[in-house]
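Heads up: the sequence shown begins at 193 in our numbering, then just goes up one per residue. Idealized CB from N, CA, C, for every residue including glycine. Please read the structure below before turning to the comments.
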Amino acid sequence: MEVGVSLDRALEIATQLTIETTSEVVPLGGAAGRILFNDLASKVDDPRFDNSAMDGWAVREADCQETGAILRIVGTSQAGSEEVPTVGEGEACSIMTGAPLPEGSDAIVMVEDSTTKNGSVAINGPARPGYIRRRGENLLEGNVALNSGDLLTPAAISLAATMGHGDVSVVRKPRIAVIGVGDELTPPGEPLSEGAIYESNTFGISSLVEKMGGFPQRFDIIRDSIDNLRDALNEASESCDAIITSGGVSMGKWDIVRRIMEEEGDVRFWRIMMRPGAPPIFGSWNGKPIFGLPGNPVSSHVVFTVLVAPWMSKSMGSDEASGPRLANRVRVLMEEPLKGAPGKLCMRRISIRQEGDVMVGSTRTHQGSGNIHSMVAHNALSLLPPDTDCDKGETIDALWLC
Ligand code: AMP
Ligand code: MG
């Protein structure tokens, strides 16, 4: 077990123990937000045939050198046309956007640049070969345009359809157990007894799991009892691909997640040199990866964002560039000073906004790691290296939460 690792090292250790992903085939209409399991090659050329980018006239460029040239209309090519007239010298064919280019024509005149009269058309503007969309100029049949591990964004879904795929093979959603641990925790909506608080982390963490493309399985709250926790972990390791707990990982007497992991599990690391969120523990339980996240709501959210999310991405055969992610790295000009943390990467909640050419950052609420409102009132996290404060007007790295 390594104790007190950097975030990079924590990621390195965690990604040595990933989930084994399998695939399932789903209809394209239900595949948005999923991760591709296989590369996707186009089944067709895109465009499939030379066609017009404009509503107008398919002409011979040479016939339109002079403004006002009069051409004889030979017919119409509309989208979906199977029979298209041929354009000879001195002739024009009416053409709609996306319609096949008539043989003999080599340029398009926009309808706005023409007037028609008695079966002829007067050309009052330029005839442009550039208004022709050439067969295969976007993609050729067989070209791989989407790769295994790619997130199926709305644009990717559209591209998969363009390439002719009605079904796609995607990564089966990993099932992740989410377990809240603590005597004081009460489900929201129920009456609170003295000293009790509403349990919030399993709701937040489950939403994060979903956002990352996983399938969360929220367990009932576990009291601070080693026996109950053991039963829950055993059940979770049977029914799920990985386990996330919250609470019970610090130095306290009741920090039973840490205790059970040390006594009965396989711990790979404990504590990360970051603030908030220093106490996470990681290892395996019955062979399944387990993340013991801190109980403080901000801490568990932040640790999920910077550790569990990239781990899930990697587990699903993806990465932060092409797969699901919870944050993007940006540079931010701070309009107020920020205090760093001794020996720890410091992730303060900041609010960023675009001002002209720069992203400007400020803080709004109390920063305590128990204050989940600070994660809602802000939209980013500072990335202050260990032992580094930030002065007003300094530019720092930050994670813009998505
Ligand atoms: P712990 O890590 O168990 O020492 O908890 C640290 C702090 O987080 C304490 O104030 C707990 O009451 C709080 N906490 C622990 N688990 C949760 C939870 N699931 N939802 C909300 N707060 C929690
Ligand atoms: Mg506790």
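Fewer than three Cβ pairs drawn from the segment 375 to 389 and the segment 552 to 572 lie within less than 8 angstroms of each other, which leaves the two stretches out of contact. Cα atoms of Ser244 and Tyr323: separation of roughly 6 angstroms, rounded to the nearest angstrom.
With a threshold of 16 other beta carbon atoms within 10 Å, Pro366 meets it and is buried. Proximity of the segment 523 to 531 to the segment 491 to 504 falls short of the contact definition, fewer than three beta-carbon pairs being nearer than 8 angstroms. Residue pairing by DSSP places Gly248 opposite Ile287, Met302 in a beta bridge. Relative to ligand 1, the beta carbon of Asn393 is positioned inside 7 angstroms of a heavy atom. In this structure, the CA atom of Glu194 is about 15 angstroms from the CA atom of Ser442. A direct Cα-Cα distance of roughly 15 angstroms separates Leu199 from Leu573. At a threshold of 7 angstroms, Asp375 does not count as near ligand 1, since its beta carbon sits no closer than that to any of the ligand's heavy atoms.
Taking non-hydrogen atoms of ligand 1 into account, the C-beta of Ser438 is found less than 7 angstroms away from one of them.
Here the C-alpha atom of Lys536 lies approximately 9 angstroms from the C-alpha atom of Leu576. Bounds of the beta strand (DSSP E) holding Asn520 are 519 to 526. If only uninterrupted beta strand (DSSP E) runs of at least 3 residues are considered, those enclosed by the segment 209 to 250 are 215 to 219. The beta-carbon separation of Trp249 and Ser286, rounded to 6 angstroms, stays under the 8 angstroms limit for a contact. Comparing C-alpha distances from Ile436 to each of Asn488, Ala470, Phe496, Ile452 shows the shortest one belongs to Phe496.
According to DSSP, residue pairing for Lys480 in a beta bridge involves Trp477. By the C-beta density criterion, Leu332 is exposed, having fewer than 16 other C-beta atoms within 10 angstroms. Taking a contact to require three or more Cβ pairs closer than 8 angstroms, the segment 394 to 403 and the segment 440 to 459 do not qualify as touching. When only Cα atoms are considered, Asn230 and Pro346 end up about 18 angstroms apart. With a cut-off of 7 angstroms, the C-beta of Gly444 is classified as near ligand 1, since at least one heavy atom of the ligand falls inside that distance. Looking at the backbone, the Cα of Ser514 and that of Asp298 are separated by about 39 angstroms. Separation of the CB atoms of Asn330 and Asp238 is rounded to 4 angstroms, and the pair is thereby assigned contact status at 8 angstroms. Exposure of Asp419 is indicated by the presence of fewer than 16 other C-beta atoms within 10 angstroms of its C-beta. Relative to ligand 2, Gly562 has its C-beta separated by 7 angstroms or more from all heavy atoms. Not one heavy atom of ligand 2 falls within 7 angstroms of the beta-carbon of Gly509. Under the 8 angstroms Cβ criterion, the segment 212 to 222 does not count as touching the segment 289 to 309, having fewer than three qualifying pairs. Between Ser492 and Leu485, the CB-CB gap stays under 8 angstroms.
Within the segment 350 to 413, complete beta strand (DSSP E) segments of at least 3 residues are found at 359 to 363, 367 to 372, 407 to 410, given in chain order. Between the beta-carbon of Leu220 and that of Gly358 there is about 6 angstroms, and that keeps the pair under the 8 angstroms contact cut.
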